[in-house]
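Residue numbers (the numbering used here): 751 to 853.
Worksheet: the structure to be examined is printed underneath.
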């Protein structure tokens, strides 16, 4: 299902089932994300190293695959906390838990 926690990597990054191509956001757009009962501010980023330490980023991740016939690759969004652990920030959400963008 879309808009879910897909898995958590060893760094505490939350890999999602949100396709990156479905979002039309400018870099540094401020967002509010809810997973379960936890709500957190985040910043949309197009690259992990453009995010300040301690900032929760919502960015296209490395997970995905190449499209057939040279089409755009499919990339899934992820939540990561620069210098921290996004999984901990959101209270250790379960795999398949719903993710909601509130703004």
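For every residue, glycine included, the Cβ atom is placed at its ideal position computed from N, Cα and C.
Given this structure, state the Cα-to-Cα distance separating residue i from residue j, to the nearest angstrom.
| i | j | result |
| --- | --- | --- |
| residue 816 | residue 825 | 9 Å |
| residue 818 | residue 852 | 34 Å |
| residue 843 | residue 790 | 13 Å |
Suppose the cutoff is 8 Å on Cβ atoms and the five residues either side in sequence are ignored; what does the same chain contact list for residue i look like?
| i | result |
| --- | --- |
| residue 771 | 822, 824 and 825 |
| residue 793 | 778, 779, 780, 781, 801, 805, 806, 807 and 808 |
In the structure shown, what three-state DSSP assignment does residue i receive?
| i | result |
| --- | --- |
| residue 769 | strand |
| residue 781 | strand |
| residue 818 | helix |
| residue 832 | coil |
Considering only residues of the same chain and omitting the five flanking positions on each side of residue i, which have a CB-CB separation below 7 Å?
| i | result |
| --- | --- |
| residue 836 | 762, 763, 764, 806, 829 and 830 |
Could you check which residue in the options has the C-alpha nearest to that of residue i?
| i | options | result |
| --- | --- | --- |
| residue 760 | 834, 752, 776 and 786 | 834 |
| residue 769 | 786, 783, 795 and 814 | 814 |
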